[in-house]
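S.K.:
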Ligand SMILES: [Zn+2]
Ligand SMILES: [Zn+2]
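Structure below.
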């Protein structure tokens with residue numbers, strides 16, 4: 012089944028979302044945050060320490076209010092887009108776990124174990140991991 016032309020499911024406000032826009036032939040807009048995300052991504056091609064601060068800025072602004080979504084009031088936060096540093100980072104090989112953080116891994120997913128700052132972030136991470144099962148899920 013083709014997703015071309017479908018906006019639902021795009022991870023707005025992220026580089027991946029921007030790529031989904033292109034793949035689905037849906038224009039990325041400033042409102043959904045994807046144009047800004049790709050600009051930030053290009054700007055951050057070299058690692059700069061203030062990158063997370065920059066993410067925080069757009070996250071706190073456009074992205075939340077533009078939750079262009081099917082479910083108002085429930086902002087979808089892709090792992091890594093959470094303003095908390097290291098939230099959604101790969102947790103493989105790290106023995107110590109931070110207090111209050113959640114480590115999530117979906118068996119069979121191509122996504123490695125990741126650590127999240129909260130249960131809410133972990134829930135989103137797990138949902139995304141389930142989308143990346145090694146064998147495609149039906150539906
Ligand atoms: Zn978008
Ligand atoms: Zn988080």
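Residue numbers (the working numbering): 12 to 150. Every residue, glycine too, gets a C-beta built ideally from N, C-alpha and C.
#1: Assuming residue 28 and residue 21 are in contact, meaning their beta carbons sit under 8 Å apart, how far apart are those beta carbons, in whole angstroms?
#2: Kindly indicate which residue of 39, 46, 53 and 118 has the alpha-carbon position closest to the one of residue 144.
#3: Helix, strand or coil, according to DSSP, for residue 15 in the structure here?
#4: Is any heavy atom of ligand 1 found at a distance shorter than 7 Å from the C-beta of residue 23?
#5: Is the beta carbon of residue 122 sitting closer than 8 Å to the one on residue 102?
#6: What is the DSSP secondary structure of residue 108, counted as helix, strand or coil?
#7: Please check the pair residue 26 and residue 48, which I expect to be a contact at CB under 8 Å, by giving their CB distance rounded to whole angstroms.
#8: Can you tell me which of the three DSSP states residue 74 falls into?
#9: State yes or no: is the C-beta of residue 45 nearer than 7 Å to some heavy atom of ligand 1?
#10: Which stretch, first to last residue, makes up the alpha helix (DSSP H) that contains residue 50?
#11: If we count the other Cβ atoms within 10 Å of its Cβ and call it buried at 16 or more, is residue 108 buried or exposed?
#12: From the DSSP output, in three-state form, read off residue 102 for me.
#13: If we call anything under 8 Å between Cβ atoms a contact, is residue 100 one with residue 126?
M.R.: So, to answer that:
#1: Working through the chain shown from its first residue, we reach residue 28 at position 17. Working through the chain shown from its first residue, we reach residue 21 at position 10. Between residue 28 and residue 21 the beta-carbon gap is near 5 Å, inside 8 Å, which marks them as a contact.
#2: Counting from 1 along the chain shown, the entry for residue 144 is found at position 133. Nearest Cα to residue 144 within the set 39, 46, 53 and 118: 118.
#3: Translated into positions along the chain shown, residue 15 becomes position 4. When secondary structure is reduced to three states using DSSP, residue 15 falls in the coil class, being assigned neither helix nor strand.
#4: Against the chain shown, residue 23 aligns to sequence position 12. If you check the C-beta of residue 23 against ligand 1, you find a heavy atom less than 7 Å away.
#5: Along the chain shown, read from residue 1 onward, the residue named residue 122 stands at position 111. Along the chain shown, read from residue 1 onward, the residue named residue 102 stands at position 91. No. Outside cutoff.
#6: Counting from 1 along the chain shown, the entry for residue 108 is found at position 97. DSSP places residue 108 in coil when its eight states are reduced to three.
#7: Your numbering for residue 26 matches position 15 in the chain shown. Your numbering for residue 48 matches position 37 in the chain shown. 5 Å between Cβ atoms; contact.
#8: In the chain shown, counting from the first residue as 1, residue 74 sits at position 63. Confidence at residue 74 is low in this model, with a pLDDT of 47, below 50, so the placement of that residue should be treated as unreliable; the coordinate-derived value is given next. DSSP, reduced to helix, strand and coil, places residue 74 within a helical segment of the structure shown.
#9: The residue given as residue 45 occupies position 34 in the chain shown. At least one heavy atom of ligand 1 is nearer than 7 Å to the Cβ of residue 45, so yes.
#10: By one-based count along the chain shown, residue 50 stands at place 39. Bounds of the alpha helix (DSSP H) holding residue 50 are 45-54.
#11: Counting from one through the chain shown, the residue named residue 108 turns up at place 97. Result: exposed.
#12: Position 91 of the chain shown, counted from the start, is the residue given in the question as residue 102. In this structure, residue 102 counts as coil in the three-state DSSP scheme.
#13: Taking the chain shown and counting its residues from 1, the one referred to as residue 100 is at position 89. Taking the chain shown and counting its residues from 1, the one referred to as residue 126 is at position 115. Contact: yes.
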